[in-house]
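A quick write-up on the structure given underneath.
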Amino acid sequence: MGKKLKKGKEGPVKEYSSRTKALKKLQVNLKDFRRLCILKGIYPREPPQKLRKQHKTYYHNKDIAFLKNESILDTFRQRQAHLKKIRKALTRGDKLKAGRLRRNQPKDKLDHLVKERYPTFIDALNDLDDPLCLISLFASFPTHKELHIPNTLIRSCQKMINQFLLYLAANNCLRKVFLSIKGIYYQAVVQGATITWIMPYPIQASLPLDVDYKIMMTFLEFYQVLMKFVNFKLLGQEIEITDLSEEVKKLKSIQQNNQMEIDEAFKEDPTIQQMDQQQQEIKKYSELFKGLTFFLYPEVPKASLEFVILSFGGEVMWENDNKNSQLIDPKITHVITERQIQKNKKREYIQPQWVYDSINQLKLLSVADYAPESTLPPHLSPFEQLNLEEVQSESEEEDGQQKEHKPYQNNKKQKEKQAKQQEKETKKLAETMLSRKNKRLYDMIKRKEDEEKQKKNKLQEKKKMIQGKQQ
């Protein structure tokens, strides 16, 4: 008779440990453990079937061993000792000492984590979607004392976003733009890496109190360090942006001066041919609005339009800007406004959607469809592959029907499609709102339904085979 194995000592169960055990191993509280996991990029794992019944969060033992040797743990312990000193000073009534200790608290250094998580620069660019979304969100926040969101944090986020947008505009990296209810979606290609992110509209945001901002702030702390590295690598220096158009011109002039002329002997090299092809592709985007100057009225989104127009080779002007430009300027070719104004025959008057639609289709669209105070054509998402010609033909047919004054007909097919889409959206929302336990049950039910469907299909196929043989 061999030795009896104890429960949980061997097998796949031994590879996992619960959160309480992880806290004991690392000798930290729950708050510091969550912070450490976010900074290191470690998340809970799906345990085997035996452990699922206990309804606990589990981590891989390798991940916890990886966290044990982290230098940030020392700063956490130093901070706890520092807090004890502050408490002692307050109990003694020495407020000066307590204030001095608060100012000199030990801070986390996250530079080594960026190098650890992103060994190459392309890895950092590929994972830049979430950092840009969160930093742009905090850049639109108002200051809040209760939620510990200071003005310095908001300004630093704004500075990082502006520096990144400056590089995109100067190098013509922007590819797609989409205006949605949530915000403005952008897609850019930076050194071969496609980056998609969302920026909120410039409206004062009201902060809901049911959101855990502490967890968001820990993510933001790491993302800020990452963005600083990325901006410095792209720009090569810190630039304080007062006027985006002037800074874009400066960067472009520096790039033109630093361009190297290639000798004819090396032009047949495949790497240099690839470089030439990339430059030709970038020329398409840089010459879309070349020679056009846009005047922006105050009701249109200035920041978004300025960034978008500059990145596609155009020029932007508005009243009371740094150049003291006015509507009388003869350079102006297009006026972007949403209301009717006195028109000049030499200029085109359009709504902001014309700029975004022409960017997505990579051609200058007809101005007649985008006149101020007119019904605009549908603003389609460039991220979904749709046949624009079919949509345009459908819209033209509808316009023709309206002109001919045909009798009213209920489009049942369209209504059915809309109803099905609404049902799908409601189902998706309901799935996201489910708890972890209910989601498992829902997945089990779905699996059984799929198995039953497969069995029915197999039986029907067999039935058809037998009938075919009998005939």
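Residue numbers (this note's numbering): 53 to 523.
Glycine residues also receive a C-beta, built at the ideal position from the N, C-alpha and C atoms.
Nearest by alpha-carbon distance to residue i: which of the options is it?
i           : options            : result
residue 279 : 339, 266, 213, 231 : 213
residue 354 : 369, 337, 206, 365 : 369
residue 112 : 386, 516, 71       : 71
residue 256 : 465, 196, 216, 484 : 196
residue 260 : 245, 283, 193      : 193
residue 208 : 83, 272, 508, 235  : 272
residue 394 : 275, 408, 480, 379 : 379
residue 346 : 489, 382, 330      : 382
residue 201 : 270, 245, 85, 301  : 270
residue 434 : 468, 229, 251, 491 : 229
residue 242 : 177, 191, 301      : 177
residue 351 : 289, 402, 331      : 402
residue 211 : 99, 405, 414, 276  : 276
residue 427 : 203, 436, 390, 173 : 390
residue 399 : 406, 344, 361      : 344
residue 557 : 203, 262, 274      : For the chain, the structure presents residues 53 to 523; residue 557 sits outside this window and is missing.
residue 254 : 290, 262, 490, 356 : 356
residue 84  : 119, 100, 146, 97  : 119
So residue i is in the alpha helix (DSSP H); what residue range does that whole segment cover?
i           : result
residue 248 : Premise fails: residue 248 lies in the beta strand (DSSP E), 245-251, not in any alpha helix (DSSP H).
residue 418 : No alpha helix (DSSP H) holds residue 418; DSSP gives it neither H nor E.
residue 361 : 354-363
residue 435 : Looking at the DSSP string, residue 435 is not in any alpha helix (DSSP H), and its letter there is neither H nor E.
residue 112 : Residue 112 -> not in any alpha helix (DSSP H); beta strand (DSSP E) instead, spanning 110-112.
residue 273 : 265-287
residue 193 : It is not in any alpha helix (DSSP H) - residue 193 carries neither H nor E in the DSSP assignment.
residue 80  : Residue 80 -> no alpha helix (DSSP H), and no H or E assigned at all.
residue 164 : 163-169
residue 501 : 488-522
residue 426 : No alpha helix (DSSP H) contains residue 426, which DSSP labels as neither H nor E.
Return the CA-CA distance between residue i and residue j, expressed in angstroms with no decimal places.
i           : j           : result
residue 143 : residue 124 : 29 Å
residue 304 : residue 90  : 38 Å
residue 396 : residue 423 : 14 Å
residue 461 : residue 472 : Only weak support exists for where residue 461 lies, its pLDDT of 46 falling under 50; the value from the coordinates is given anyway. Their backbone Cα atoms lie some 21 Å apart in a straight line.
residue 458 : residue 199 : Legend: pLDDT at residue 458 = 42, less than 50; position of this residue unreliable, value from coordinates given subsequently. So the two alpha carbons sit approximately 59 Å from each other.
residue 151 : residue 131 : 15 Å
residue 215 : residue 93  : 26 Å
residue 517 : residue 482 : 41 Å
residue 500 : residue 514 : 21 Å
residue 387 : residue 371 : 12 Å
residue 159 : residue 410 : 48 Å
residue 439 : residue 121 : With a pLDDT of 47 at residue 439, under the threshold of 50, the modelled position of this residue cannot be trusted, and the question is left open.
residue 268 : residue 384 : 44 Å
residue 157 : residue 81  : 19 Å
residue 392 : residue 285 : 46 Å
residue 412 : residue 74  : 50 Å
residue 292 : residue 248 : 25 Å
residue 87  : residue 117 : 16 Å
residue 224 : residue 358 : 13 Å
residue 307 : residue 429 : 39 Å
residue 508 : residue 108 : 38 Å
residue 155 : residue 348 : 46 Å
residue 78  : residue 475 : 47 Å
residue 333 : residue 222 : 15 Å
residue 432 : residue 232 : 10 Å
residue 494 : residue 166 : 39 Å
residue 404 : residue 161 : 44 Å
residue 477 : residue 469 : 12 Å
residue 511 : residue 258 : 58 Å
residue 546 : residue 182 : The structure shown has nothing for residue 546, since the chain only spans 53 to 523.
residue 103 : residue 492 : 14 Å
residue 420 : residue 190 : 39 Å
residue 294 : residue 373 : 11 Å
residue 250 : residue 185 : 6 Å
residue 466 : residue 488 : 36 Å
residue 164 : residue 127 : 14 Å
residue 406 : residue 252 : 20 Å
Quick check on the DSSP output: the beta strand (DSSP E) that includes residue i runs from which residue to which?
i           : result
residue 232 : Where residue 232 is concerned, there is no enclosing beta strand (DSSP E), given that its DSSP letter is neither H nor E.
residue 367 : 367-370
residue 345 : 345-348
residue 240 : 236-242
residue 68  : 68-70
residue 107 : Careful: residue 107 lies outside any beta strand (DSSP E) and carries neither H nor E.
residue 386 : 386-388
I think residue i touches residue j, with their Cβ atoms under 8 Å apart; what is that distance to the nearest whole Å?
i           : j           : result
residue 238 : residue 226 : 7 Å
residue 68  : residue 95  : No, residue 68 and residue 95 are not in contact; Cβ-Cβ is about 13 Å, not under 8 Å.
residue 205 : residue 282 : Contact doesn't hold; Cβ gap of about 19 Å is too wide.
residue 245 : residue 174 : 6 Å
residue 300 : residue 218 : 7 Å
Between residue i and chain C, is any beta-carbon pair separated by less than 8 Å?
i           : result
residue 229 : Going by chain labels, chain C is absent from the structure shown, which holds only one protein chain.
Problem set entry | Stretch pair the stretch 336-343 + the stretch 356-372: three plus CB contacts closer than 8 Å | yes
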